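In this note's numbering, the protein residues as written are 5 to 206. Just so it is clear, CB atoms sit at the ideal spot from N, CA and C, and this is done for glycine as well. Computed from a predicted structure; not experimentally measured.
In structure tokens form, the structure reads like this:
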């Protein structure tokens, strides 16, 4: 009797240890997952903002090349991304292009101005630095966006200066000079454009 009881006690103890180990593993795995997620995304809102931005980017690309324009949907995704992360410049630029494709130039210019405003300037500078460090096609993509932005707003000195900065990153001196010269034509008092041209001419 006591021997049987001891056997059952040992079995229950072993089962408890196994279950405890399993729960500890699951807990550690969950914590690791959460830490990993936190490294990649500050919070759920940031994740959702990026998701809406990516969806908007895909729709915008299709809208540019499709007879059945998806620009309105791209604008909607940009709005969702903006509402979740209003300090990120990228969704504003995509909204500008999406609205521009619909023929609303005034609204497009407004979104473009917000993208270039002090509110989002930090994120735009950070994106340019990241693009350069990755040495991929991201700088080319930004150049394409800024070239399109010039078509929306040919008298926006900030757009020309950013375009010049991108060309400078790509070691494309002549294109960079041309962009900064256009910036000076638009705003002769622009210190940024003047300093950049002085730097490029040395």
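Subject >> Buried/exposed call for residue 194, threshold 16 Cβ in 10 Å >> reply: Buried: at least 16 other Cβ atoms inside 10 Å.
Subject >> Pairwise C-alpha distance: residue 117 and residue 123 >> reply: Rounded to whole angstroms, residue 123 to residue 117 spans 10 Å at the Cα level.
Subject >> residue 185 versus residue 173 - alpha carbon distance >> reply: Approximately 17 Å, taken between the alpha carbons.
Subject >> Whole-number beta carbon distance between residue 156 and residue 113, since they are thought to touch under 8 Å >> reply: Approximately 6 Å separates the beta-carbon atoms of residue 113 and residue 156; this is inside 8 Å, confirming the contact.
**OP:** Pull up the distance between the alpha-carbon of residue 71 and that of residue 165, whole angstroms please.
**Re:** Annotation note: pLDDT 45 at residue 71 (below 50); position unreliable, coordinate value reported separately. Between residue 71 and residue 165, the alpha-carbon positions lie close to 33 Å from each other.
**OP:** Verify whether the separation of the beta carbon atoms of residue 79 and residue 109 is less than 7 Å.
**Re:** Going by C-beta atoms, residue 79 is not nearer than 7 Å to residue 109.
Original post:
Between the Cα of residue 77 and the Cα atoms of 107, 204, 102, 90, which residue gives the shortest distance?
Top reply: Among 107, 204, 102, 90, the Cα nearest to that of residue 77 is on 102.
**OP:** Under 8 Å Cβ to Cβ from residue 97, same chain only, skipping five residues before and after it: list those, please.
**Re:** For residue 97, where only same-chain residues beyond five positions count, the Cβ hits under 8 Å are 115, 116, 119, 149, 153.
Original post:
Which residues in the same chain as residue 187 place their Cβ atom closer than 6 Å to its Cβ, once the five residues preceding and following it in sequence are excluded?
Top reply: Excluding positions up to five away in sequence, the list reads 161, 164, 165, 194, 197.
**OP:** Look up residue 104 in the DSSP assignment and say whether it is helix, strand or coil.
**Re:** Of the three classes helix, strand and coil, the one that applies to residue 104 here is helix, per DSSP.
**OP:** Go through its chain and collect everything with a Cβ distance to residue 190's Cβ below 6 Å, but skip five positions before and after it.
**Re:** Within the same chain, residue 190 has close Cβ partners 159, 161.
**OP:** With DSSP collapsed to three states, give me the class of residue 173.
**Re:** Reduced to three states, the DSSP call for residue 173 is helix.
Subject >> residue 250, DSSP secondary structure in three states >> reply: The requested residue 250 is not part of the displayed model; the chain covers only 5 to 206.
Subject >> Separation of residue 201 from residue 182, as counted between CA atoms >> reply: Taking the straight line joining both Cα atoms gives about 9 Å.
**OP:** State yes or no: is the C-beta of residue 75 within less than 7 Å of the C-beta of residue 106?
**Re:** Between residue 75 and residue 106, the gap from beta carbon to beta carbon is short of 7 Å.
Original post:
Near residue 167, which residues of its chain fall below 6 Å by C-beta distance, leaving aside the five closest residues on each side in sequence?
Top reply: Excluding sequence neighbours, residue 167 sits near 150, 183.
Subject >> Contact belief for residue 53 with residue 93 at Cβ below 8 Å, rounded distance in angstroms >> reply: About 12 Å separates the two Cβ atoms, so there is no contact after all.
**OP:** Kindly list the residues whose CB is nearer than 7 Å to the CB of residue 179, restricted to its own chain and excluding five residues on each side of it in sequence; keep chain order.
**Re:** Excluding five sequence positions before and after residue 179, the CB atoms of its chain that fall closer than 7 Å to its own CB belong to 171, given in chain order.
Subject >> Terminal residues of the alpha helix (DSSP H) in which residue 115 lies >> reply: Residues 109-119.
**OP:** In angstroms with no decimal places, state the Cα-to-Cα distance between residue 50 and residue 121.
**Re:** As the crow flies, the alpha-carbon of residue 50 is around 20 Å from that of residue 121.
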